[in-house]
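Residues 1 to 885, numbered by full-length UniProt numbering, are exactly what the sequence shown covers, in order.
Heads up, the thing below is written out as structure tokens.
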Amino acid sequence: MEKEVKTTCPYCGVGCGVIAKVAKDGKVSVKGDPDHPSNFGRLCSKGSALGETVDLDGRIFHPEISGERAEWGQALDLVAQRFSDAVAEHGPDSVAFYVSGQLLTEDYYVANKLMKGFIGSANIDTNSRLCMSSSVAGHRRAFGSDTVPGTYEDIELADLVILTGSNLAWCHPVIYQRLAAAKAARPGMKVIVIDPRRTMTADIADLHLAIRPDSDVALFISLFEHLITSNAIDRNYIAEHTNGFDEAFAAASGVSFNEVLELTGLPAMQLREFYRLFAGTEKVVTCYSQGVNQSSSGTDKVNAIINCHLATGRIGRPGMGPFSLTGQPNAMGGREVGGLANMLAAHMAIESAADRDRVQRFWSAPTIAEKPGLKAVDMFKAVADGRIKALWIMATNPVVSLPDAGAVEAAIKACPFVVVSDILKDTDTARHADVLLPSLGWGEKNGTVTNSERRISRQRSFLDAPGDARADWWQLAEVARRMGFSDAFDFGSNAEIFDEHAALSAFENNGNRDFDIGAYAGIDRQSYEELSPFQWPQPAGREAPVTRFFAKGGFYHADTKARFVAVKPVASDRTNTDYPFTLNTGRIRDQWHTMTRTGKSARLSSHIAEPFAELHPRDAIEIGVGNAGLVEIESPHGKAVVRALITQRQTRRSIFVPMHWNDQFAAMARIDAVVAPLTDAISGQPASKNVAVTARRFKAARYGFAVSGAKPRHLAAAYWALAKAEGGWRVELAFAQPVEDWCAWCRTTFDIPNDVEPLGYADQQSGDLRLAFFDGKRLLAALFLACEPVAVARNWAISQLTAEHTNLRRRFALVAGRPGADKPDPGATVCSCFGVGANQIVAAVRGGCHSVEAVGKELNAGTNCGSCRAEIRGIVDGCLAAAAE
Ligand SMILES: Nc1nc2c(c(=O)[nH]1)N[C@H]1C(S)=C(S)[C@@H](COP(=O)(O)OP(=O)(O)OC[C@H]3O[C@@H](n4cnc5c(=O)[nH]c(N)nc54)[C@H](O)[C@@H]3O)O[C@H]1N2
Ligand SMILES: Nc1nc2c(c(=O)[nH]1)N[C@H]1C(S)=C(S)[C@@H](COP(=O)(O)OP(=O)(O)OC[C@H]3O[C@@H](n4cnc5c(=O)[nH]c(N)nc54)[C@H](O)[C@@H]3O)O[C@H]1N2
Ligand code: SF4
Ligand SMILES: [Mo]
1 MEKEVKTTCP YCGVGCGVIA KVAKDGKVSV KGDPDHPSNF GRLCSKGSAL GETVDLDGRI
61 FHPEISGERA EWGQALDLVA QRFSDAVAEH GPDSVAFYVS GQLLTEDYYV ANKLMKGFIG
121 SANIDTNSRL CMSSSVAGHR RAFGSDTVPG TYEDIELADL VILTGSNLAW CHPVIYQRLA
181 AAKAARPGMK VIVIDPRRTM TADIADLHLA IRPDSDVALF ISLFEHLITS NAIDRNYIAE
241 HTNGFDEAFA AASGVSFNEV LELTGLPAMQ LREFYRLFAG TEKVVTCYSQ GVNQSSSGTD
301 KVNAIINCHL ATGRIGRPGM GPFSLTGQPN AMGGREVGGL ANMLAAHMAI ESAADRDRVQ
361 RFWSAPTIAE KPGLKAVDMF KAVADGRIKA LWIMATNPVV SLPDAGAVEA AIKACPFVVV
421 SDILKDTDTA RHADVLLPSL GWGEKNGTVT NSERRISRQR SFLDAPGDAR ADWWQLAEVA
481 RRMGFSDAFD FGSNAEIFDE HAALSAFENN GNRDFDIGAY AGIDRQSYEE LSPFQWPQPA
541 GREAPVTRFF AKGGFYHADT KARFVAVKPV ASDRTNTDYP FTLNTGRIRD QWHTMTRTGK
601 SARLSSHIAE PFAELHPRDA IEIGVGNAGL VEIESPHGKA VVRALITQRQ TRRSIFVPMH
661 WNDQFAAMAR IDAVVAPLTD AISGQPASKN VAVTARRFKA ARYGFAVSGA KPRHLAAAYW
721 ALAKAEGGWR VELAFAQPVE DWCAWCRTTF DIPNDVEPLG YADQQSGDLR LAFFDGKRLL
781 AALFLACEPV AVARNWAISQ LTAEHTNLRR RFALVAGRPG ADKPDPGATV CSCFGVGANQ
841 IVAAVRGGCH SVEAVGKELN AGTNCGSCRA EIRGIVDGCL AAAAE
């Protein structure tokens, strides 16, 4: 039976509404929900490809104990027993949960309740520590609460939008689309991008400030000082609603203009232009993300930004305010339930005895955590040194995503008891689980998530549970019952959990806490099923909804005033000449984190199919690596080997490597193995964007590229990077030494039956070798080898997997590695929605399409989700510039 369900995208914090359709044959397709107030029907490339990622390949269907299939009862008994034993023997702080901003609010609520109120420890932390904790800490210092004051609409209403440490075009693409549309409609609107790298987001910028890594504090305190000295501040707002102005001003005045130039590395003219635009524009929104949060000065960066908005009174009014863009779909929901080790439920403070008492009474809990628990990086240090005896990891992949990932992996291996709840059987983390529990994934699970603008939306199921998979909240509640807490965890559905969460938010609140959704306390199952997206706060009995905070003060410090925080810049320490490069890590457009879902889509994998290091041309020359060569990046913690991508977008001595690749997709590209476990002293957030490393050329005796219908196994090569492709898989390869028998290597790797003869071509002199294996008309696998990076047209080679090889000529053409004139190589995919490659776009420009719109008309490229429009513009501009030379 066909069905259509309204749900929410499980990827980024934009929180787009999605309509999922299941066809009669079970095929899932998605489109944007035109009625959802966050995206109004828009989706990005990842959201559009959701239907391709819900297959059951690689899923775990049954609980496993030590790798053996088990019944739920057995597995849950064992988990409860081992956690209870550890608590009995070593105390509550000997156990820990490491959870995720990708859990639903209901899952998160139960996890937090169990740990803080019933086990009695605050050792529950989450991957949001790596993501939002500097923003949370900055908000709490300034506002007395973790409040995002504005809404997405403010970004459209602003006359100046500052994007700092945010690659909005790739990471929050639908907000980017909304911004781009607003700017197109109102060309007077200005955009400033602050990022050491020239990203695709900078494409929309009127001003790009390529600041030195971690010089944001210097930049914003100098702006603060300028606003004051040029009298561009709102003295009334400061007097009525804030404290600490003088101290902050004094700290800012201690830094001279010349020092700011030195620290930021910016030309004076650019700095002055930045000051002028900010001072002269009333409607300013400053959006920030990981370039701000993931830093050893992350919390100070947040406060340096907020100081400027408080000083000008530009907060909580339409088109104005600081705006922390949350990363994960439910980073905000996790903060609401108090999922961080230093928070309590419903935005209450663990440091407050009154709050602790309130939560304990509400839960009728036997105990309540008395002090903050271990923050993620410290939690895994405690796992490593044996303080944690039992650990439950849920919906996150720390062996890939935590800094010093090699040490994290070793800690997990050495931990006496590790439970992992995931949807996949093989992840870098799941493979070390003592107990592996199968969870429901997107499309199967049910609950709520909160996006960056405090909007709570439903995720609804439209697919059956695969095998024995069960919801994360159910797993937690079952363990809680087995630990002896039956009454408090007697939840029959997620609606009941949401009801309790809403009731707690309103419990003895009286307007003292920002997070209040009391209007939904007592919600019945039917209304929960039908729940439309809404923004908090929604206290019981209030008529007009409040969508913004703080225009008229009303902060959550005891005196209701905001605090200016006196922050000082820190100079980046690059004195160790053994590690002269700055490694910056982050995201690419079409992959999500550790690729467990987006890695399943051939379309998404064709945008960038390999891990890479973006580096400056002069640095490339210095280390002797050419384009498409391989680079080895090393720190005292570990190594990675990735492809060189030489580009002017990068500044000297800086290297950008994506965070996504891991041991399932590459030989040695887990970049967090290289990242040092340095954190912000206040928030505990790792500094993943500024890591001291060396870079050198990785010497290979042979380079290779292969396509294969079957998934390659036992990839015996010094370098490999695997990606899903239409009709099979693609692999990039490099070998330290030539292999003696390439044919045998292919048979093992690509699972070629012995009776299939290879078709081959070898040039002894150049070292070129091509091997192809056919089963009748079908290509099973082909390998292309050379002493230099292999130049074969990738997309053409991939298309051979689904082509019919009816005659010998076609088969030889493949071995020759040459696309026929009838089938030119489309080039690397730019538009993943319509599968349009770079070469096709170049051809269209040469044929007279001189704008992104014209290319769209000709090829459809960029006309669906629009995520690739910046790249298309780059190609169009590049071709036109080349033609003009
Ligand atoms: N495609 C895609 N989208 C995603 C995700 C994904 O995995 N893939 N993940 C989601 C999640 S959880 C998150 S947290 C967000 C992250 O979203 P973003 O924060 O936008 O993404 P990042 O690539 O991590 O980093 C942003 C930028 O910070 C810059 N930066 C580095 N150092 C500095 C600095 O010192 N100062 C400044 N001002 N900038 C600096 C980097 O060069 C980078 O371009 O994305 C969300 N959206
Ligand atoms: N170097 C570097 N490191 C980083 C970052 C960076 O910029 N640079 N960014 C950091 C940030 S901001 C983030 S948010 C983290 C993200 O890092 P992770 O959270 O580790 O990444 P994911 O791949 O999203 O992991 C989610 C896991 O949960 C599983 N899963 C999916 N759905 C469900 C479900 O419904 N239930 C359960 N139980 N499991 C499920 C997936 O298969 C996957 O294994 O990475 C951080 N690490
Ligand atoms: S912007 Fe893309 S990834 Fe983010 S929620 Fe919307 S569709 Fe999903
Ligand atoms: Mo994140």
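Even for Gly, the Cβ is constructed at its ideal location relative to N, Cα and C.
Please read these numbers as outputs of a predicted model, since none were measured by experiment.
Residue 173 in three-state terms, based on DSSP: For this step, residue 173 is matched to residue 173 along the sequence shown. It is helical.
Please find out if some non-hydrogen atom of ligand 4 comes closer than 8 Å to the beta-carbon of residue 709. Reading the sequence shown from its first residue, position 709 is the one you call residue 709. Between ligand 4 and residue 709, a heavy atom-to-CB distance of less than 8 Å is absent.
Please work out which residues of its chain come closer than 6 Å, Cβ to Cβ, to residue 9, disregarding the five sequence neighbours upstream and downstream, and give them in chain order. In the sequence shown, the residue the question calls residue 9 occupies position 9. Within the same chain, residue 9 has close Cβ partners 16, 18, 47.
Here's a check: name, in chain order, each residue in its chain whose Cβ is nearer than 7 Å to the Cβ of residue 840, leaving out the five neighbours to either side. Taking the sequence shown and counting its residues from 1, the one referred to as residue 840 is at position 840. So the list reads 826, 827, 859, once near-sequence residues are dropped.
Buried or exposed: which applies to residue 688, given that a residue is buried once 16 or more other Cβ atoms fall within 10 Å of its Cβ? Within the sequence shown, residue 688 is the residue found at index 688, counting from 1. Under a 10 Å Cβ-count criterion, residue 688 is classified as buried, with 16 or more other Cβ atoms of the shown protein chains found around its own Cβ.
Does the distance from the CB of residue 474 to the CB of residue 98 come in under 9 Å? Residue 474 sits at position 474 when you count from the first residue of the sequence shown. Residue 98 sits at position 98 when you count from the first residue of the sequence shown. No; because the gap between Cβ atoms is not below 9 Å, this pair is not in contact.
Compare the beta carbon distance of residue 725 and residue 602 with 9 Å and say whether it is the shorter of the two. Counting from 1 along the sequence shown, the entry for residue 725 is found at position 725. Counting from 1 along the sequence shown, the entry for residue 602 is found at position 602. The answer is yes: Cβ separation under 9 Å.
Since residue 701 and residue 738 should fall inside the 8 Å C-beta cutoff, what is the C-beta to C-beta distance between them, to a whole number of angstroms? Locating residue 701 in the sequence shown gives position 701, counting from the first residue. Locating residue 738 in the sequence shown gives position 738, counting from the first residue. The Cβ separation is near 6 Å, so the contact holds.
Within the UniProt domain "4Fe-4S Mo/W bis-MGD-type" (2-58), note down every full beta strand (DSSP E) run reaching 3 residues or more, in order along the chain. Entirely contained in the UniProt domain "4Fe-4S Mo/W bis-MGD-type" (2-58), the beta strand (DSSP E) runs reaching 3 residues are, in chain order, 3-8, 17-22, 28-32.
Ligand 2 heavy atoms versus the CB of residue 442: any closer than 8 Å? Counting from one through the sequence shown, the residue named residue 442 turns up at place 442. Indeed, a heavy atom of ligand 2 lies less than 8 Å from the Cβ.
Three-state class that DSSP yields for residue 112 in the structure shown: Walking along the sequence shown from the start, residue 112 turns up at place 112. DSSP, reduced to helix, strand and coil, places residue 112 within a helical segment of the structure shown.
Assuming residue 829 and residue 607 form a contact by the criterion Cβ under 8 Å, report the distance between their Cβ atoms to the nearest whole angstrom. Residue mapping note: residue 829 aligns to position 829 of the sequence shown, counting from 1. Residue mapping note: residue 607 aligns to position 607 of the sequence shown, counting from 1. Confirmed, Cβ separation roughly 5 Å.
Tell me, please, which residues DSSP counts as bridged to residue 679. Position 679 of the sequence shown, counted from the start, is the residue given in the question as residue 679. Residue 679 pairs with 686.
Selection from 791, 801, 792 that minimises the alpha carbon distance to residue 774: As a position in the sequence shown, residue 774 is number 774, starting the count at 1. Residue 801 holds the alpha-carbon nearest to the alpha-carbon of residue 774 among 791, 801, 792.
Tell me whether residue 711 sits in a helix, a strand or coil according to DSSP, three-state version. As a position in the sequence shown, residue 711 is number 711, starting the count at 1. Coil, per DSSP.
Evaluate residue 397 with the Cβ neighbour count: other Cβ atoms within 10 Å of its Cβ, from every protein chain shown; 16 or more gives buried, anything less gives exposed. In the sequence shown, counting from the first residue as 1, residue 397 sits at position 397. By the neighbour-count criterion, in which 16 or more other beta carbons inside 10 Å mark a residue as buried, residue 397 falls on the buried side.
Residue of 174, 508, 141 minimising C-alpha distance to residue 155: Mapped onto the sequence shown, residue 155 falls at position 155. If we check each option's Cα against that of residue 155, 174 comes out closest.
Within 9 Å, strictly: CB atoms of residue 338 and residue 348: Counting from 1 along the sequence shown, the entry for residue 338 is found at position 338. Counting from 1 along the sequence shown, the entry for residue 348 is found at position 348. Against a cut-off of 9 Å, the Cβ pair of residue 348 and residue 338 comes out as a contact.
Residue 299 in three-state terms, based on DSSP: Position 299 of the sequence shown holds residue 299. Residue state, collapsed to three classes: helix.
Starting from the Cα of residue 454, find the closest Cα among 323, 432, 385, 466 and give me that residue. Residue numbering aside, residue 454 sits at position 454 when the sequence shown is read from its first letter. For residue 454, the closest C-alpha among the options 323, 432, 385, 466 is that of 323.
Run the CB neighbour count on residue 336, radius 10 Å, all protein chains shown included, and call it buried at 16 or more, exposed below. Your numbering for residue 336 matches position 336 in the sequence shown. With a threshold of 16 other beta carbon atoms within 10 Å, residue 336 meets it and is buried.
Under 8 Å from any heavy atom of ligand 1, does the C-beta of residue 865 make it? As a first step, residue 865 must be located in the sequence shown, where it is residue number 865. Result no, Cβ not under 8 Å from ligand 1.
From which residue to which residue does the beta strand (DSSP E) around residue 759 run? Counting from 1 along the sequence shown, the entry for residue 759 is found at position 759. Element bounds for residue 759: 758-763.
Rounded to a whole number of angstroms, what is the C-alpha to C-alpha distance between residue 447 and residue 109? By one-based count along the sequence shown, residue 447 stands at place 447. By one-based count along the sequence shown, residue 109 stands at place 109. Taking the straight line joining both Cα atoms gives about 11 Å.
From 793, 778, 769, residue whose alpha carbon lies closest to that of residue 784: As a working mapping, residue 784 is identified with position 784 in the sequence shown. Ranking 793, 778, 769 by CA distance to the CA of residue 784 puts 769 first.
So if DSSP puts residue 584 in a beta bridge, which residue, or which two residues, is it bridged to? Counting from 1 along the sequence shown, the entry for residue 584 is found at position 584. DSSP output for residue 584 lists 656 as bridge partner(s).
So, for residue 648: in the same chain, excluding its five sequence neighbours on each side, which residues have a beta-carbon less than 8 Å away from its beta-carbon? Indexing the sequence shown from 1 puts residue 648 at position 648. Excluding sequence positions up to five before and after residue 648, its CB lies within less than 8 Å of the CB of 198, 616, 617, all in the same chain and listed in chain order.
Selected residue, minimal CA-CA separation from residue 7, among 24, 34, 653, 132: Against the sequence shown, residue 7 aligns to sequence position 7. That would be 34, whose Cα lies nearest to the Cα of residue 7.
C-beta atoms of residue 720 and residue 666 nearer than 9 Å: For this step, residue 720 is matched to residue 720 along the sequence shown. For this step, residue 666 is matched to residue 666 along the sequence shown. Contact check for residue 720 against residue 666 passes: the beta carbons are separated by less than 9 Å.
Would you call the CB atoms of residue 704 and residue 723 closer than 9 Å? Translated into the one-based positions of the sequence shown, residue 704 becomes position 704. Translated into the one-based positions of the sequence shown, residue 723 becomes position 723. The criterion of a C-beta distance shorter than 9 Å is not satisfied by residue 704 and residue 723.
Suppose only complete runs of 4+ residues qualify. What are the alpha helix (DSSP H) ranges in the segment 394-420, listed by chain order? Complete alpha helix (DSSP H) runs here, min 4: 398-401, 405-414.
Given 8 Å, three or more beta-carbon pairs between the segment 69-88 and the segment 297-305: The segment 69-88, when compared against the segment 297-305, does not touch it at the 8 Å Cβ threshold.
Touch check for the segment 25-40 and the segment 448-468: three-plus C-beta pairs under 8 Å? Segments in contact, yes.
Just to confirm my understanding: we take residue 891, look at its own chain, exclude 5 residues before and 5 after, and list those with CB closer than 6 Å. What are they? A question about residue 891 goes unanswered here, because the residues of the chain that appear run from 1 up to 885.
Grouping DSSP H, G and I as helix and E and B as strand, with all else coil, what is residue 796? In the sequence shown, counting from the first residue as 1, residue 796 sits at position 796. Secondary structure at residue 796: helix, using DSSP grouped into helix, strand and coil.
Can residue 309 be considered in contact with ligand 1, in the sense that its beta carbon sits closer than 8 Å to one or more heavy atoms? Numbered from its first residue, the sequence shown carries residue 309 at position 309. Result no, Cβ not under 8 Å from ligand 1.
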